[in-house]
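Notes to accompany the following structure.
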Amino acid sequence: MSDPAPPPPPPRAPLSDAEIASGLKALRQNFKVAAIAHWAVLFGHHVGFEFDTEAFELDLLGVKPDTQVPELLGKILNTLANDRNTKCVLACPLAPHLATPR
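If you number the sequence shown the way the working numbering does, the last residue is 120 and the count never jumps.
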């Protein structure tokens, strides 16, 4: 005969409200980042945007600020305005490199 099946693990304690809220917050943030990355991959080449996932994550974390996010925001705004031929809508001192044609 074969060995008997091991006993089932003990039941887990239910999650606390704080644990559930923390998990939902992380999931919501991950979903937002995934949606932005999905848009950039699908439509980036149509609006002249080179998307780099690693640079995007480092920009969001503040390790390499202003490497992807300002240009990405400009491209999204241009797309929403239905004007793919505009180089950038962000002609401000904080992002002067975006106002120049590439």
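Note that the Cβ used here is the ideal one computed from N, Cα and C, for glycine as well.
Item                                                                                              : Value
Element boundaries [alpha helix (DSSP H), containing residue 47]                                  : 35-61
Assumed close pair residue 53, residue 90 - CB separation to whole angstroms, cut-off 8 angstroms : Between residue 90 and residue 53 the Cβ distance is about 12 angstroms, and since that is not below 8 angstroms, they are no contact.
Contact check, residue 69 vs residue 80, beta carbons under 8 angstroms                           : no
Pair within 8 angstroms by beta-carbon distance, residue 86 and residue 73                        : yes
Which of helix, strand or coil DSSP assigns to residue 70                                         : coil
Collapsed DSSP secondary structure at residue 82 in the structure displayed                       : coil
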